[in-house]
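Visitor:
Numbering (my numbering), first residue to last: 302 to 683.
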């Protein structure tokens, strides 16, 4: 459990929620994944089970299928799951909040209940072959006709599990000129719409999480645009702020478990561990404490109603650094987990190597911080 949560809201109320959730989990353990079951199919079963217990969309208003509680209640559930090494609450939180903040009343009422229940599965269409980390460089274009309808042409890349999804939260440019950030709009894209082609990309390990999404003159109604034209960039900032807060994702409690293992090993084997390795463990602890403090700050800002902005780039850098150093150090401290079954540390280490790339490379995040937070001059290309 992340004790820092108890500084917010009503500690007794949060603790009651946690107890209720632990009791529910005891009666509804994480289901076994079949050997040949695709990961998204397994996660969808888990999604349905969590929803059946009322543990999805805690901070979504009741009229849209949620429980009408606060962001802290949802964070507490993510924290409990992370502490058990269980999959987090389905990553629909950022999509739901994009619709809550920018969607029309009709869109919220129609889309959110089915999103939360798992009746409709969503993916996110942001990155492109030439605009992975730098979203402002996207080329997918939505041309508006005299009838108000849009014709969308372009390509998206790294769209997770699009082959198992019903809808895509799509970003496309609605102006060919003007400021890059201000000419991006967001759309609800039904993936069965004519002109949409989904092609899974099979990785070397056989996984096909990522997909290409081809859009060939796809027609969308004006009512399928989310918000006004040009709202795409602030909507994207809202989504990534939920993706990058380590409290939202349950990463903090998961990291905390490994930090405690490292501390115990350092205490029990202090004489046999090299001084350099003890120093690395110390740096991991510091990284973790910095991440906790930063996540608390972001949570406080959200509770105060502060809009998401480029500060999420700081979140991404801090989480990347903490995660990569933590698992790299853990492999040195627990080399036995390199081999055999149950080598979770090794699997997490391999996944962490991509943390400086997925969701926006670390280089791009530093550029955003320099230009949009510190006001430093750019390189003249934009």
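Even for Gly, the Cβ is constructed at its ideal location relative to N, Cα and C.
On a Cα-Cα basis, can you pick out the residue from 663, 540, 342, 441 that is closest to residue 481?
Guide: What you label residue 481 is simply residue 180 of the chain shown in a count that begins at 1. Nearest of 663, 540, 342, 441 to residue 481, Cα basis: 441.
Visitor: Provide the residue span of the beta strand (DSSP E) that contains residue 601, from first to last.
Guide: Within the chain shown, residue 601 is the residue found at index 300, counting from 1. Counting along the chain, residue 601 falls outside any beta strand (DSSP E), though it belongs to the alpha helix (DSSP H) covering 576 to 604.
Visitor: Quick one: Cα of residue 406 to Cα of residue 659, how far?
Guide: Translated into the one-based positions of the chain shown, residue 406 becomes position 105. Translated into the one-based positions of the chain shown, residue 659 becomes position 358. Roughly 32 Å between the two C-alpha positions.
Visitor: Report the residue from 626, 348, 317 whose alpha carbon sits nearest the alpha carbon of residue 418.
Guide: Taking the first residue of the chain shown as position 1, residue 418 is located at position 117. It is 348 whose Cα lies nearest to the Cα of residue 418.
Visitor: Out of curiosity, what's the CA-to-CA distance linking residue 567 and residue 319?
Guide: Residue mapping note: residue 567 aligns to position 266 of the chain shown, counting from 1. Residue mapping note: residue 319 aligns to position 18 of the chain shown, counting from 1. Approximately 31 Å between the Cα atoms of the pair.
Visitor: Are the beta-carbon atoms of residue 553 and residue 596 separated by less than 9 Å?
Guide: For the purposes of this step, residue 553 is taken as the residue at position 252 of the chain shown. For the purposes of this step, residue 596 is taken as the residue at position 295 of the chain shown. Cβ distance < 9 Å, so residue 553 and residue 596 count as in contact.
Visitor: Could you check where the alpha helix (DSSP H) with residue 406 kicks off and where it finishes?
Guide: Along the chain shown, one-based indexing puts residue 406 at 105. Residue 406 -> alpha helix (DSSP H) spans 406 to 418.
Visitor: Determine contact between the stretch 484 to 497 and the stretch 515 to 527, defined as no fewer than three beta-carbon pairs at a distance below 8 Å.
Guide: Because the criterion of three Cβ pairs below 8 Å is met, the stretch 484 to 497 and the stretch 515 to 527 touch.
Visitor: Would you decide whether residue 463 is buried or exposed? Buried here means 16 or more other CB atoms lie within 10 Å of its CB.
Guide: Taking the chain shown and counting its residues from 1, one reaches residue 463 at position 162. Flag for residue 463 reads buried.
Visitor: To the nearest angstrom, how far is the alpha carbon of residue 394 from that of residue 611?
Guide: Indexing the chain shown from 1 puts residue 394 at position 93. Indexing the chain shown from 1 puts residue 611 at position 310. Between residue 394 and residue 611, the C-alpha separation is close to 19 Å.
Visitor: Drop a sphere of 10 angstroms on the beta-carbon of residue 630, count the other beta-carbons inside from all chains shown, and report buried for 16 or more, exposed for fewer.
Guide: For the purposes of this step, residue 630 is taken as residue 329 along the chain shown, with counting starting at 1. Buried: at least 16 other Cβ atoms inside 10 Å.
Visitor: Starting from the C-beta of residue 422, find all residues in its chain whose C-beta is less than 7 Å away, skip the five residues before and the five after it, and write them out in chain order.
Guide: Here residue 422 refers to the residue found at position 121 when the chain shown is read from its first residue. Taken in chain order, the residues that qualify are 345, 465, 466, 467.
Visitor: Answer with buried or exposed for residue 585, where buried requires no fewer than 16 other C-beta atoms within 10 angstroms of its C-beta.
Guide: Numbered from its first residue, the chain shown carries residue 585 at position 284. Under this definition residue 585 is a buried residue.
Visitor: Let's test the definition: count the other Cβ atoms within 10 Å of the Cβ of residue 559 and tell me whether it reaches 16, buried, or not, exposed.
Guide: Numbered from 1 along the chain shown, position 258 holds the residue referred to as residue 559. Result: buried.
Visitor: Please list the terminal residues of the continuous alpha helix (DSSP H) segment that includes residue 321.
Guide: Position 20 of the chain shown holds residue 321. Where residue 321 is concerned, the enclosing alpha helix (DSSP H) stretches over 312 to 328.
Visitor: Helix, strand or coil: which one does DSSP assign to residue 456?
Guide: Taking the chain shown and counting its residues from 1, the one referred to as residue 456 is at position 155. Reduced to three states, the DSSP call for residue 456 is strand.
Visitor: How long is the line joining the alpha carbons of residue 624 and residue 437, rounded to whole angstroms?
Guide: Start at 1 with the first residue of the chain shown, and residue 624 comes out as number 323. Start at 1 with the first residue of the chain shown, and residue 437 comes out as number 136. Each residue's alpha carbon lies about 27 Å from the other.
Visitor: Going by CA-CA distance only, name the one from 648, 461, 569, 425 that's closest to residue 490.
Guide: Within the chain shown, residue 490 is the residue found at index 189, counting from 1. Measuring from the Cα of residue 490, the nearest candidate turns out to be 425.
Visitor: Checking the sheet assignment: what are the DSSP bridge partners for residue 470?
Guide: The residue labelled residue 470 in the question sits at position 169 within the chain shown. According to DSSP, which records beta bridges pairwise, residue 470 is partnered with 425, 489.
Visitor: Once the 5 residues before and after residue 564 are set aside, which same chain residues still bring their CB inside 6 Å of it?
Guide: Residue mapping note: residue 564 aligns to position 263 of the chain shown, counting from 1. For residue 564, where only same-chain residues beyond five positions count, there are no Cβ hits under 6 Å.
Visitor: Judging by CA-CA distance, which residue of 536, 479, 451 is the nearest neighbour of residue 285?
Guide: Shown here, the chain extends from 302 to 683; a query on residue 285 therefore has no answer.
Visitor: Tell me the residue span of the beta strand (DSSP E) that contains residue 370.
Guide: Looking up residue 370 in the chain shown gives position 69. Counting along the chain, residue 370 falls outside any beta strand (DSSP E), and DSSP gives it neither H nor E.
Visitor: If you count every other CB in all the chains shown that lies within 10 Å of the CB of residue 338, and 16 or more means buried, which is it?
Guide: Your numbering for residue 338 matches position 37 in the chain shown. Under this definition residue 338 is an exposed residue.
Visitor: Among 377, 321, 388, which one has its Cα closest to the Cα of residue 334?
Guide: Sequence index remark: in the chain shown, residue 334 carries index 33 (1-based). The residue with the shortest Cα to Cα distance from residue 334 is 388.
Visitor: Quick check on DSSP: helix, strand or coil for residue 519?
Guide: One-based indexing of the chain shown puts residue 519 at position 218. Three-state DSSP puts residue 519 in a strand.
Visitor: So for residue 444, helix, strand or coil by DSSP?
Guide: Residue 444 sits at position 143 when you count from the first residue of the chain shown. Three-state DSSP puts residue 444 in a strand.
Visitor: For the alpha helix (DSSP H) that contains residue 626, what are its first and last residues?
Guide: The residue labelled residue 626 in the question sits at position 325 within the chain shown. Its alpha helix (DSSP H) spans residues 613 to 634.
Visitor: If you drop the 5 nearest sequence neighbours on each side, which residues of the same chain put their C-beta closer than 6 Å to that of residue 628?
Guide: Counted from its first residue, the chain shown places residue 628 at position 327. Result list for residue 628: 649, 650, 653, in chain order.
Visitor: So the beta strand (DSSP E) residue 498 belongs to, where does it begin and stop?
Guide: Position 197 of the chain shown, counted from the first residue, corresponds to residue 498. Start and end: 497 to 501.
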